[in-house]
Amino acid sequence: MHTLRFKKIDAFASQYSTGNPAAVVYLDSAEKLSSAEMLQLAKELKGFVSEVGYVSPGTDTDYHLRYFSSEREVAFCGHATIAILNDIVANSEAMQEKSILSISTMTDRLMVENRYKSEKSVYISAPPARFSSKNISITDIVSAFNCHINDIDQLQPIQIVNGGLETLIVPIAGLESILSVTPDLQTLNKFCIQIGVDIIILYSSETVAQECKYRTRVFAPTFGYLEDPATGSGNSALGYYLLKHGKWDGEMIKIEQNSFRDSPNYVQIFSTETDIENCQVWFGGGAVLRIDGVYILC
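Quick note on our numbering: the sequence shown kicks off at 359 and runs consecutively.
Following this line, the structure appears as structure tokens:
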């Protein structure tokens, strides 16, 4: 039996939206729980949070992070990272004085820009982009999402981009189209497995808020749930996609995300470079602590 320090934190939450819930478990060492135990805990929390983030002291970085959904280990989880780093900085005066922190994940060493004092936010450097040359049929996308072919913006490219997770990026014709998409979990899961992606992000340049550049929706059936309401890795992949296709200058932009027209979550991204070979997209936002206690894992 393990008694663990446990928090439930809503990343990207604001006074207008509930954000994306993550469970955070603090460990004295990375070896305190086995992978099977980490997965067990995530299974027990299915339906309560989308992912569990496990944080322990790093060896060559400030912190080491691992992520699990109820189905499997996740290579990178943006919203859980936002939740964890906001919580760490909020509760440590020493960390509040550090402008840059470092974290390690299963696959990458990443940097964290600390803007907690000025914005109550942190920004995470997404893993470097990898672009796939795989062609995905519009017909197959329409079938998987149970939508009309006119809902797809056929003037914009469809592409698989990895900004932490293998992400299919699909341009949508407008706000009404992106809000009306209602896919079936099992059908979409089969499609994701067939084309070899972790998540799918739909995006439209038509938004509700004038200060937002895009509305996105992110679907993650391979992780055991249909839709992710606020996503760091998905919007980072979109950022890399926009840079590659000359649709963004890298300046800070705000993205509204989820299926609720008037109460979206907000994710901000920026890039330090526009050269796709050298750029790195950063995503950021705040978080709200909801539960602080212990978790007893038997």
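Positions of the beta carbon are idealized from the N, C-alpha and C atoms, including for glycine.
query = Which residues mark the beginning and the end of the alpha helix (DSSP H) in which E395 is found?
reply = Residue 395 sits at position 37 when you count from the first residue of the sequence shown. From DSSP, the alpha helix (DSSP H) with E395 extends over 393-402.
inquiry  = I'd like to know whether the C-beta atoms of Y592 and C637 end up nearer to each other than 8 Å.
reply    = Counting from one through the sequence shown, the residue named residue 592 turns up at place 234. Counting from one through the sequence shown, the residue named residue 637 turns up at place 279. The residue you asked about is not Tyr; residue 592 is Gly in the sequence shown. It is not a contact, given that the beta carbons lie outside the stated cut-off.
ask   = Does DSSP put Y374 in a helix, in a strand, or in coil?
value = Position 16 of the sequence shown, counted from the first residue, corresponds to residue 374. In this structure, DSSP gives Y374 a state outside helix and strand, which the three-state scheme calls coil.
inquiry  = Using C-beta distances below 8 Å, list every residue in its chain close to T565, excluding the 5 sequence neighbours before and after it, in chain order.
reply    = Translated into the one-based positions of the sequence shown, residue 565 becomes position 207. Taken in chain order, the residues that qualify are L533, K571, Y572, R573, E614.
key: Option nearest E451 by Cα separation, candidates L543, H360, N472, L468   = Working through the sequence shown from its first residue, we reach residue 451 at position 93. Comparing Cα-Cα distances from E451 to each of L543, H360, N472, L468, the minimum goes to N472.
ask   = What distance in whole Å lies between the Cβ atoms of L655 and M359, which are believed to be in contact at a cut-off of 8 Å?
value = To locate residue 359, count along the sequence shown from 1; it is residue 1. To locate residue 655, count along the sequence shown from 1; it is residue 297. Rounded, the Cβ-Cβ distance is 7 Å, consistent with contact.
key: Supposed contact pair G521 and V652 - C-beta distance, whole angstroms, cut 8 Å   = Along the sequence shown, one-based indexing puts residue 652 at 294. Along the sequence shown, one-based indexing puts residue 521 at 163. Rounded, the Cβ-Cβ distance is 34 Å, inconsistent with contact.
request  = Can you tell me which of T463, S462, A448 puts its alpha carbon nearest to the alpha carbon of K456?
outcome  = As a working mapping, residue 456 is identified with position 98 in the sequence shown. Nearest of T463, S462, A448 to K456, Cα basis: A448.
task = Name the residue from P622, G590, I634, H603 whose alpha carbon lies nearest to the alpha carbon of V310.
result = Given a span of 359 to 656 for the chain in the structure shown, any question on residue 310 remains unanswerable.
ask   = Comparing alpha-carbon positions, which option in S617, T497, Q514 lies nearest H506?
value = The count along the sequence shown starts at 1 and reaches residue 506 at position 148. Of the listed residues, the one whose Cα sits closest to H506 is T497.
query = Are the CB atoms of I510 and V500 nearer to each other than 8 Å?
reply = For the purposes of this step, residue 510 is taken as residue 152 along the sequence shown, with counting starting at 1. For the purposes of this step, residue 500 is taken as residue 142 along the sequence shown, with counting starting at 1. Yes; because the gap between Cβ atoms is below 8 Å, this pair is in contact.
query = Whose C-beta lies closer than 6 Å to the C-beta of D466 among residues of the same chain, with five residues either side of it excluded?
reply = In the sequence shown, the residue the question calls residue 466 occupies position 108. Shown here for D466: same chain residues with a beta carbon closer than 6 Å to its own, the five before and five after excluded, namely P485 in chain order.
task = Determine the DSSP secondary structure at K478, reduced to helix, strand or coil.
result = For the purposes of this step, residue 478 is identified with residue 120 of the sequence shown, where counting begins at 1. K478 falls in the coil class under three-state DSSP.
ask   = Since K602 is in the alpha helix (DSSP H), which residue starts that stretch and which ends it?
value = Locating residue 602 in the sequence shown gives position 244, where the first residue counts as 1. That run of the alpha helix (DSSP H) goes 590-602.
Given E402 as reference, the closest of R430, V413, F628, I367 once Cα atoms are compared = Within the sequence shown, the letter at position 44 stands for residue 402. Among R430, V413, F628, I367, the Cα nearest to that of E402 is on R430.
request  = Measure the Cβ-Cβ separation of N623 and S375 and say whether it is below 8 Å.
outcome  = Your numbering for residue 623 matches position 265 in the sequence shown. Your numbering for residue 375 matches position 17 in the sequence shown. Yes. Within cutoff.
request  = Taking F581 as the reference, give the member of S408, A369, G377 with the closest Cα.
outcome  = The count along the sequence shown starts at 1 and reaches residue 581 at position 223. Checking every option, the nearest Cα to that of F581 belongs to S408.
ask   = How big is the Cα-Cα spacing for Y425 and L513?
value = Residue 425 sits at position 67 when you count from the first residue of the sequence shown. Residue 513 sits at position 155 when you count from the first residue of the sequence shown. Going from the Cα of Y425 to the Cα of L513 covers about 36 Å.
Residues sharing a beta bridge with S562, DSSP = Position 204 of the sequence shown holds residue 562. The partner list for S562 (beta bridge, DSSP) reads R573.
query = Ordered along the chain, which non-local residues of its own chain (more than five positions away) have a Cβ less than 6 Å from that of R587?
reply = As a first step, residue 587 is located in the sequence shown; it is residue number 229 there, counting from the start. Strictly speaking, residue 587 in this sequence is Pro, with Arg absent from that position. Correct list, in chain order: N378, N616, N623.
request  = Report yes if the CB atom of G411 is closer than 8 Å to the CB atom of C435, and no otherwise.
outcome  = Counting from one through the sequence shown, the residue named residue 411 turns up at place 53. Counting from one through the sequence shown, the residue named residue 435 turns up at place 77. Cβ distance < 8 Å, so G411 and C435 count as in contact.
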